[in-house]
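Those protein sequence lines, which keep their order, are chains D and B. The opening residue of the first sequence carries number 923 in the numbering used here; numbering runs sequentially from there. The opening residue of the second sequence carries number 4 in the numbering used here; numbering runs sequentially from there. Below is one structure; the comments refer to it alone.
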Amino acid sequence: MHETGIATEIINIINDTMRNRPAVEVRQVRVMIGELTAVLPESLNFAYRALTENTALQNSRLVITIIPVQAQCRTCYKPFAVQEFTFVCPFCGQSDIDLISGNELYIKEIEVD
Amino acid sequence: MPVITVERKILEKNDQLATQNRQLFAEKHITVFNLLSSPGSGKTTLLEKLLPMLAESRCGVVEGDLQTDRDAQRIAALNVPVVQIVTNGGCHLDAGLVRDALTNLDLDTIRLLFIENVGNLVCPAGYDLGEQKKIVIISTTEGDDKPLKYTTMFRAARVCIINKMDLLPWTDFNIETVKRNALQINPDLQFFTVSAKTGTGMQELSAWFKSQLYK
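Rendered as structure tokens:
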């Protein structure tokens, strides 16, 4: 249930971004979430709707993109998708790898009217 | 529709506060561990047994709980400086809560600080508190497939303590299976197998904590 805390931080960043733009209304907020963050989109949407009710953001919605876990092997340098959280190179079997994506948790952009 | 580029981390505020905490700990030469587990895996009992063994390391404890200061009372009974954070239902500690709690500890007298997080294997994983290492604790009365179910936590942790080894003969928990599952998620994970109740493995664990102190 940390989605409530995350929704609160999203709203804080939106309000901070929109502070000097009082005339426009927020429509969509594009949020990027790495698979490794264990943030559930349904719970985040629910929390966002509940927290923005009867506020200036009540007509806005989150557009959530889930970013899959990608890694690169440090031995054979091949990039690969981490399947079912197995952090082992499927080409050479080494577990010495660099994570390329999967830990993201950020707001990319805001669409306004 | 016009688009405003934001490109800001959602937990940026927490990360900033965690960085401040980390700077403070470094200035004061305090080694800090963030202890994470399910409810009931024996975090507080582990600390109760460990703290007297680490008396020379001048420990302090930050206790995080949903409700009550019962855990802090158990630590205070050992004459170890402790401060309780009651989250009132909040499922994890964040860097701001820890920063506020630190004002109630005399950091000049502490070399080793344990932050006992709220019992929860999901939410606390994403919140940096400024610790050096996250330690995940799992007990033999839980499932040995837990690392596969709580990947984020086992990925974030640097050390895994397997507790309640005294109960192993009465459970289906397999040490090799849990280690294999955890290493699949995090190949660098370091393990300790202990029983806080009987003391098995506790000497090795306390020696490791001592080795982590600032020289």
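From the three backbone atoms N, C-alpha and C, an ideal C-beta is built for every residue, glycine too. Here the structure is a predicted model, which is why all the values come from computation and not from measurement.
Check	Outcome
Best match in B:P190, B:A199, B:V197 and B:M205 for proximity to C1011 of chain D [C-alpha to C-alpha]	B:P190
The segment 117-131 of chain B touching the segment 43-51 of chain B, judged by at least three CB pairs closer than 8 Å	yes
Counted within 10 angstroms of its Cβ, other Cβ atoms place C998 of chain D as buried (16 or more) or exposed	exposed
Chain B within 8 Å of K1000 of chain D, Cβ atoms only	no
K1000 of chain D beta carbon less than 8 Å from that of F1013 of chain D	yes
Minimum Cβ-Cβ distance from V6 of chain B to chain D less than 8 Å	yes
Among B:G129, B:A128 and B:V181, nearest to E145 of chain B - alpha-carbon criterion	B:V181
Under 7 Å from the C-beta of Y1028 of chain D: neighbouring residues of chain B	E10, R11, K12 and I13
Cβ-based neighbour list, T90 of chain B, same chain, cut-off 8 Å, excluding 5 preceding and 5 following	G67, D68, L69, L96, L100 and V121
L132 of chain B vs A98 of chain B beta-carbon contact at 8 Å	yes
Inter-residue CB distance, L216 of chain B and S60 of chain B (contact presumed, cutoff 8 Å)	6 Å
Touching by the beta-carbon criterion (3+ pairs, under 8 Å), the segment 927-938 of chain D and the segment 965-982 of chain D	yes
Minimum C-alpha distance to N107 of chain B - residue among B:L20, B:P84, B:C126 and B:S214	B:P84
Residue from D:V991, D:R971, D:N976 and D:N981 whose Cα sits closest to the Cα of E1033 of chain D	D:N981
Range covered by the beta strand (DSSP E) that runs through P990 of chain D	Where P990 of chain D is concerned, there is no enclosing beta strand (DSSP E), given that its DSSP letter is neither H nor E.
Limits of the unbroken beta strand (DSSP E) element including Q950 of chain D	V948 to G956
Interface positions of the segment 177-209 of chain B facing chain D (Cβ-Cβ less than 8 Å), listed along the chain	L186, Q187, I188, N189 and P190
CB contact below 8 Å: F151 of chain B versus chain D	The displayed chain sequence assigns Leu, not Phe, to residue 151 of chain B. Yes, contact with chain D.
Contacts of A1010 of chain D in chain B (Cβ-Cβ under 9 Å)	A quick correction: the sequence has Val, not Ala, at residue 1010 of chain D. Neighbours of V1010 of chain D on chain B, chain order: Q187 and P190.
Where A128 of chain B meets chain D, residues with beta-carbon distance less than 8 Å	A960
Distance CB(R949 of chain D)-CB(D1035 of chain D) smaller than 8 Å	yes
Contact test: T987 of chain D Cβ vs the ligand SAH heavy atom, cutoff 7 Å	Within the structure as shown, the ligand SAH is missing, as the structure has no ligands at all.
Beta strand (DSSP E) segments (min. 3 residues) lying fully within the segment 77-155 of chain B	85-89, 115-119 and 136-142
Neighbour flag for S1023 of chain D against chain B, beta carbons, 8 Å	no
N-terminal and C-terminal residue of the beta strand (DSSP E) that Y1028 of chain D is part of	L1027 to V1034
Members of the segment 81-101 of chain B near chain D, C-beta cut-off 8 Å	G93, C94, H95 and D97
K182 of chain B in three-state terms, based on DSSP	helix
Cβ-based burial, E1006 of chain D [other Cβ within 10 Å; buried from 16]	exposed
Chain D within 8 Å of R73 of chain B, Cβ atoms only	no
Candidates B:L170, B:L171, B:E134 and B:T34: closest to D111 of chain B by CA position	B:T34
Chain-ordered chain B contacts of E1033 of chain D [CB-CB under 9 Å]	M4, P5, V6 and I7
Reduced DSSP secondary structure (H/G/I, E/B, other) of A159 of chain B	helix
Contact list for the segment 10-44 of chain B against chain D, Cβ threshold 7 Å	E10, R11, K12, I13, L14 and K16
Amino acids of chain B, ordered along the chain, whose beta-carbon sits closer than 7 Å to that of T939 of chain D	I7 and V9
7 Å Cβ cut-off: residues of chain B touching E931 of chain D	I13, L14 and K16
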